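Q:
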Amino acid sequence: MSLAARYLEANGIPTVLLCSARDITASAFPPRALFVNYPLGNTAGKPFDVENQREILMAALRLLADAREPGRIVDTPHRWSDDESWMERVYDENH
Amino acid sequence: MSYVNYIEKTHQYYFRIGHGSAYRYAHNEDGPFTALKKPVAESRLTMISSAGFEIIPSDGPEPTPFKGINIGEKDQVEVFPIASGTPKEKLKYMTGAHNRAESDMADIDAFFPITRLRELHAEGVIGGLAGNYLRIRPSYSTTKTLKLDAPEVLRRCREEQVDVALLVPV
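In structure tokens, the structure reads:
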């Protein structure tokens, strides 16, 4: 998706990318990215949490308007859970 | 802030299941940039997703499962339109790739915010929405993405007179 964003941007269309895999996104260097530190599959917000989904989209739209140079990744302050234990379970044997 | 190191974790995972060579993620040191030509409130926006969902037909059989990631390099464009006015109830996530304890994929808006974008448009935050959003089938081949799918995405964006694009990988 970062590559598609870069392609559009190179052809005159401004883009913003939501991402939850920060290292993969940073490596690809998309024009603008908003990092949402949630498990994959929830890049646009927590399921059924309208307010959270709105906040993420509004942050993405602000980044779209405010960025002045390529490669900017803005970290959102949202947390998936208090203990963040989900991070330990990514690619766990049982998942 | 701590976050998951997916590159390292996927390398370990593929090694564990018997793949000898590590997948090489795209890497760039610099990139293109285009400033907004007008405010978001006056811009026409499209959304581009890599999520594997299908439209549920009003009659007839259930949609066939999305085929998942394109592993090989194929000379086939895999860009699919989805009307931006589609009710979320008509969309169904079809692959098991992210069906983990933390993500049951039951809420389409959590990874394809089709309802939220309509609301923001109705409130005047976004100037306009493309008639069709786009779904790209994920591919491991950067060549395929850049030579086939990305040009088709651009063509459709131009056809729809899109000003800005929101990309949401799943």
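Chains A and B, in that order, give the protein sequences. First residue of the first sequence? That's 9 in this note's numbering, and the numbers climb one at a time after it. First residue of the second sequence? That's 900 in this note's numbering, and the numbers climb one at a time after it. C-beta: ideal position from N, C-alpha, C; glycine also. Note that the coordinates shown come from a computational prediction; the quantities given were computed from them, not determined experimentally.
1. Would you tell me roughly how many angstroms separate the C-alpha atoms of E1018 of chain B and G1026 of chain B, rounded to the nearest one?
2. Per DSSP, R943 of chain B is paired with what?
3. Provide the residue span of the beta strand (DSSP E) that contains I81 of chain A, from first to last.
4. By alpha-carbon positions, which one of A:R40, A:A29, A:A67 ends up nearest to G49 of chain A?
5. So that I know if they touch, is there some Cβ in chain D lying closer than 7 Å to that of L1028 of chain B?
6. Along chain B, in chain order, which residues have C-beta atoms closer than 9 Å to that of V24 of chain A?
7. What residues are listed by DSSP as bridge partners for E953 of chain B?
8. Give the single residue among B:D1048, B:Y924, B:L935, B:F979 whose Cα lies nearest to the Cα of F952 of chain B.
9. Short of 7 Å in beta carbon distance, which residues of its chain neighbour A982 of chain B, apart from the five on each side in sequence? Order them along the chain.
10. Using DSSP bridges, identify the partner residues of A1064 of chain B.
11. Of all Cβ atoms in chain B, is any one closer than 7 Å to the Cβ of D91 of chain A?
12. Within 7 Å of any Cβ in chain B, is that where the Cβ of L71 of chain A sits?
13. Run through chain B and tell me which residues come within less than 8 Å of A52 of chain A, C-beta to C-beta.
14. Excluding the 5 residues flanking A13 of chain A on each side, which residues of the same chain have their C-beta closer than 7 Å to its C-beta?
15. Identify the residues that DSSP records as bridge partners of P980 of chain B: which are they?
16. Can you tell me whether I981 of chain B sits near the ligand HEM, meaning its C-beta is under 6 Å from at least one heavy atom of the ligand?
17. Check whether the stretch 59–67 of chain A and the stretch 930–946 of chain B are in contact - that is, three or more C-beta pairs closer than 8 Å.
18. Would you identify the three-state DSSP class for L42 of chain A, choosing helix, strand or coil?
19. Strictly below 8 Å CB to CB, what residues from chain A border S949 of chain B?
20. Can the beta-carbon of S949 of chain B be found less than 7 Å from the beta-carbon of P1068 of chain B?
21. With 16 as the cutoff for other CB atoms within 10 Å, does R1036 of chain B come out buried or exposed?
22. Would you please verify whether the beta carbon of I81 of chain A is less than 7 Å from any beta carbon of chain B?
23. Please return the same chain residues whose Cβ sits closer than 7 Å to the Cβ of W94 of chain A, not counting the five positions on each side in sequence.
24. Answer with yes or no whether the minimum CB distance from V98 of chain A to chain B is below 7 Å.
25. In three-state DSSP terms, what is S1002 of chain B?
A: This is what the structure gives:
1. 12 Å
2. B:G1027
3. 80–83
4. A:A29
5. The structure shown has no chain D; the protein chains it does contain are A and B.
6. V1063, A1064, L1065, L1066
7. B:K991
8. B:F979
9. G1030, N1031
10. A:T23, B:T945
11. no
12. no
13. D1008, A1009, F1010, F1011, P1012, R1015, V1067
14. T23, L25, P38, P39
15. B:L1033
16. Within the structure as shown, the ligand HEM is missing, as the structure has no ligands at all.
17. no
18. strand
19. M9
20. yes
21. buried
22. no
23. P47, W88
24. yes
25. strand
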